[in-house]
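Protein sequences, first through last, are from chains P and Z.
If you're matching positions, the first sequence starts at 0 in numbering that gives the first Met the number 0 and goes up one per residue.
If you're matching positions, the second sequence starts at 0 in numbering that gives the first Met the number 0 and goes up one per residue.
Yeah, the Cβ is synthetic: ideal placement off N, Cα and C, and Gly gets one too.
Working notes, structure below.
Number of protein chains: 2
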Amino acid sequence: MRRWNGWGEESTSMELPGSGRAFLAEQIGPGLALPDASLDSVLARVPASRLAEHPLVLREPMDRLLHARGQSLADWLAMREGEFGRFPDGVAYPQSAEQIRELLRHAQATDCLLIPYGGGTSVAGHINPPAAGKPVLTVSLAHMNRLLELDEESLVATFGPGANGPQVESQLRARGYTLGHFPQSWELSTLGGWVASRSSGQQSLRYGRIEQLFAGGTLETFAGPLDIPTFPASSAGPDLRELVLGSEGRFGILSSVKVRVSRLAEQERFYVVFLPSWEQGLAAIRDLAQARVQLSMLRLSNAVETRTQLTLAGHPGQIAWLERYLKWRGAGEGKCMLTFGVTGSRAQNAASLKLARRLLKAFGGVFTGTLLGRKWEASRFRSPYLRETLWQAGYVVDTLETATDWSNVDNLMRRIEASLRDGLAAEGERVHVFTHLSHVYGEGSSIYTTYVFRPAASYAATLERWRRLKDAASRTIVDNRGTISHQHGVGRDHAPYLAVEKGELGMATLRALASHFDPAGRLNPGSLLQD
Amino acid sequence: MRRWNGWGEESTSMELPGSGRAFLAEQIGPGLALPDASLDSVLARVPASRLAEHPLVLREPMDRLLHARGQSLADWLAMREGEFGRFPDGVAYPQSAEQIRELLRHAQATDCLLIPYGGGTSVAGHINPPAAGKPVLTVSLAHMNRLLELDEESLVATFGPGANGPQVESQLRARGYTLGHFPQSWELSTLGGWVASRSSGQQSLRYGRIEQLFAGGTLETFAGPLDIPTFPASSAGPDLRELVLGSEGRFGILSSVKVRVSRLAEQERFYVVFLPSWEQGLAAIRDLAQARVQLSMLRLSNAVETRTQLTLAGHPGQIAWLERYLKWRGAGEGKCMLTFGVTGSRAQNAASLKLARRLLKAFGGVFTGTLLGRKWEASRFRSPYLRETLWQAGYVVDTLETATDWSNVDNLMRRIEASLRDGLAAEGERVHVFTHLSHVYGEGSSIYTTYVFRPAASYAATLERWRRLKDAASRTIVDNRGTISHQHGVGRDHAPYLAVEKGELGMATLRALASHFDPAGRLNPGSLLQD
């Protein structure tokens, strides 16, 4: 069963070894747990639905509760406390484009709002009902999850928009293909959600971001269907796919999604290299990206993340042995862990590995082979479960991310980390902050920062702590040439910061598009564009 | 001096060897020349300007004549006959964003239309003044051609929008960089024009299309400036760059363009391989693209293009020797020439070459080394001059192009070729047609078709022949899942066919955007969207 008040499957959890607990206590003090609300108490507080009866609309409290919140930290605190705020008034599970169109008509006829819903994994407040106003119908695409068509010559697959990561991959793998899109939320998030929020997967270096994978499909809008045919490339005017990508449910609801797939690769390997310092690591991954070495993933943890990960991994004896070896090879205090993958034919991988090792060696990299790479692979979708683990141990963890040009990466990372590290100084609380770079490009890199702090004495005060940290970091990002999001999207949480990067005319343009597709403003108001 | 009535520099021309002339005569009959108008006679017919005096506006007949027509075949015939139709009423050469804004204000104040002008190389009628209506001011960006900023860490360069290919490359090369964008029009076309028309260069396989190279910049619009900052990637809502790309001067005028550049590669090589048949060639380049072999260009000529190119190359003795050799190795009648390039470090290129040769060998490819590749390289920007050469010999040549998914490439190519080959059958005229595929993608390929026919007895009748051929091919493209353009853009010539691929709502969306940025419809009316 999926957790009603947290991430993922109830049967799955991560261990926090004793050494990890001690490490956190040393960094920010002993943990402090807040009491969780029970499901029954929350269910009892779901108010009556304001929606009329309709064969496609479910109004049961449990359906509405399970679609009320995403996975942002604000959502998490609300769910754990049992203070959900607004619930949708109903949930519909359309099974076809025609049923989606019927729901659009129904919304118009009954004057309600629609919130398109994929996997409910948003960490930026994409699917939360607005605080007040008209009745809300959440439209879950979960039942439209099939592989509908596969053009094996052109490597184009047509899916229902609600297919989640495992559904996408299992249907493709059965025929020898992969989409290769693996965001950390992969187990739960959906193809339609990836498109609507401009998602990026861990192996975007090989497969591209969802922008490169999304080949066409149909968006059902209040102004009619937007059908986008597939072309490998086109110079026939502005690309309409780019209006759908990142539209976050404001312009319409996807009823089918065509994606570019790949044949399953002959071989895939992940390796770990330790660099002696952050500066050398940074220069190395920039060079790898700019030299177009064919890797399928690349990730560089800064020194604090490296130390934190090695400590939280447990097995202190083995880690101590590893650290002695690394120190002897020149990667001691301040070392940074770099993980990279090669995916392709054996011959391609051998060539890429050779190029990568040669380049990394020039920066003092100590190659440790595939052992730690396999560990990364095995736990690649486990990080979101860490929030549950740390919560039980009395800590709050959140992540945020941006991307910026290489000339600004180090500066921006340091400023973001400082804004978080010092963010609770006024109340004498420490924040443990660490960062990795992944999703590298010739022009720059994403910056992915994790921060851990202690809950306050109440949920309200804890939320207030988070708000202060999140706002400080978000301001730092947009004031320092970072995008407000590289992969999480805008939602309601990032909407206040969007205007800095889009500019006045850019914001007016997005609003004009929203009015064009949805004149009455029924679709997901408040997400992407503030109301 | 640049030709006033044709392509390129007057001092540059291509030779048509005797064997080539004989070949064409055999294919479609002896050439038939039409008389060219003189420059003086045309200049004498430039009417008085309807524009008011303004310090930025030149109203001299010669300026207006040189900016009246692009390089489509309709433009060509008009220029050779001396029947230019409409001339712009003036030409402005702004030197700054502020001067562009001043011209926007001036257009509003004096109720005139603006046509943004880069290199005047459009082959789809992008820069032609509309047939009737308000006075027209052509805005040439030619004086805004400088490299303004270079971020060597992030590999981002800021240029004036009017920098043409040689200006872009020479300013970058002086510092060790390249943009790597080489459309066939490179000698004359400009960065701003590439962005506005979604151009693609011969080495897009390595450097990407202009969509991948365009990182940001400023579009001056009637609704204010649209400033787009650079990010390596972003999930912060729809990507505003994509509205500028392909906007064809309808939304605004670029005042600066930021592009992603590359360090100059250590080594670059072009190779030629002959495949025994079209089917084998097609399968080979699809596999090369889908296996992500790191090539920098890839082009496959069909059998007729191969034969035509070998014949037009001259040196019949050497070619005969080559053909005997190829036949002995299994590539005889029906053989197809494949050209590919590798660009990168020596180690990367060696690895890619090995992978490519191994794959091509499996399809019966006969490798001929770099000799013909060097020939391709030496004449890579010469093809547009061929129109002049053939015109002198009494033939008309035009090209058209599309892109489609792999499963449709062969079908679409055959249909396009048939529509052209049989297009003048009613008047008993033959058309010589041949095709190459270049710009390959995992999903599909561009299809680039050249057709040669004889002029009729008059210019009007010749234009009518072209119209019939162009319309037949364009209908064939859009009715058979091709995009109306992969690299030439829409302009006025392709605008009637655009709705098939954009759909009703797509067209309405583009119109809504045009009204949003330019409520009075002053910017390049008729291009992209029909009026």
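The segment 120–134 of chain Z and the segment 484–498 of chain Z touch, with three or more beta-carbon pairs separated by less than 8 Å. By the neighbour-count criterion, in which 16 or more other beta carbons inside 10 Å mark a residue as buried, Z:Gly175 falls on the exposed side.
Put simply, the CB of Z:Leu171 is far from chain P, with every gap to its CB atoms at 9 Å or more. Scanning chain P for C-beta atoms nearer than 8 Å to the C-beta of Z:Thr220 yields Leu504, reported in chain order.
Residue-level contact by beta carbon fails for Z:Ser188 and chain P, as no gap is shorter than 9 Å.
Ranked by Cα distance from P:Ser378, the first of P:Gln308, P:Gly333 and P:Gly329 is P:Gln308. Residue contact with chain Z for P:Ile126: absent (no Cβ-Cβ distance below 9 Å to any residue of chain Z). When 7 Å is used as the limit between beta carbons, Z:Glu168 is near no residue of chain P, the shortest such separation being about 18 Å.
Taken through DSSP and simplified to helix, strand or coil, P:Thr508 comes out as helix. Under a criterion of Cβ atoms nearer than 9 Å, no residue of chain P is adjacent to Z:Lys133; the nearest Cβ is some 24 Å distant. If you check the CB distance, Z:Ser255 and Z:Thr217 come in under 9 Å. For Z:Arg268, the three-state secondary structure derived from DSSP is strand. Residues of the segment 348–380 of chain Z with a Cβ closer than 9 Å to any Cβ of chain P, in chain order: Ala349, Ala350, Ser351, Lys353, Leu354 and Arg357.
Its chain contains Thr217, Glu219, Pro224, Ser254 and Ser255 as the residues whose beta carbon lies nearer than 8 Å to that of Z:Ala96, once the 5 sequence neighbours on both sides are disregarded; these appear in chain order. About 7 Å separates the CB atoms of Z:Arg298 and Z:Leu436; that is less than 8 Å, so the two are in contact.
Pairing Z:Ala402 with Z:Ala459, the inter-Cα distance amounts to about 31 Å. Excluding five sequence positions before and after P:Gln293, the CB atoms of its chain that fall closer than 6 Å to its own CB belong to Ser351, given in chain order. Per DSSP, P:Lys469 is one residue of the alpha helix (DSSP H) stretching across Tyr458 to Asp478. Closest by C-alpha distance to Z:Ala471, out of Z:Gly441, Z:Leu527 and Z:Leu399, is Z:Leu399.
If one requires a minimum length of 3 residues, the beta strand (DSSP E) runs lying completely within the segment 372–428 of chain Z are 395–404, in chain order. If you draw a straight line from the Cα of P:Tyr450 to the Cα of P:Thr369, it comes to about 28 Å. Excluding the 5 residues flanking it on each side, P:Arg79 has same chain C-beta neighbours closer than 8 Å at Asn4, Gly5, Leu33, Asp35, Ala36, Trp390 and Tyr458, in chain order. Going by beta carbons, P:Arg373 and P:Gly364 fall outside the 9 Å limit. The C-alpha of Z:Ala498 lies about 57 Å from the C-alpha of P:Lys334. Residue pairing by DSSP puts P:Cys335 in a beta bridge opposite P:Leu274. Where Z:Arg259 is concerned, the enclosing beta strand (DSSP E) starts and stops at Ile252 to Arg259. Contact between P:Ile27 and P:Arg453 holds: their C-beta atoms lie close to 6 Å from each other, under 8 Å.
Per the C-alpha coordinates, the member of Z:Gln289, Z:Glu322 and Z:Glu387 positioned closest to Z:Thr305 is Z:Glu322. With respect to the 9 Å criterion, Z:Asp226 and P:Gly502 are classified as neighbours on the basis of their beta carbons. Listed in chain order, the non-local C-beta contacts of P:Ala106 below 6 Å within the same chain comprise Leu113 and Arg521, local neighbours out to five positions each way being set aside. Remark: C-beta atoms of Z:His485 and P:Ala511 do not approach each other more closely than 9 Å. When C-alpha distances from P:Ile209 are compared across P:Glu152, P:Asp530, P:Phe181 and P:Glu463, the shortest belongs to P:Phe181.
Taking 9 Å as the CB threshold, Z:Ala507 lines the interface with chain P. Comparing alpha carbon positions, the residue from Z:Ala67, Z:Leu244, Z:Ile415 and Z:Gln211 closest to Z:Val477 is Z:Ile415. DSSP places P:Glu210 inside the alpha helix (DSSP H), whose first and last residues are Ile209 to Leu212. According to DSSP, P:His435 shares a beta bridge with P:Ser300 and P:Tyr447.
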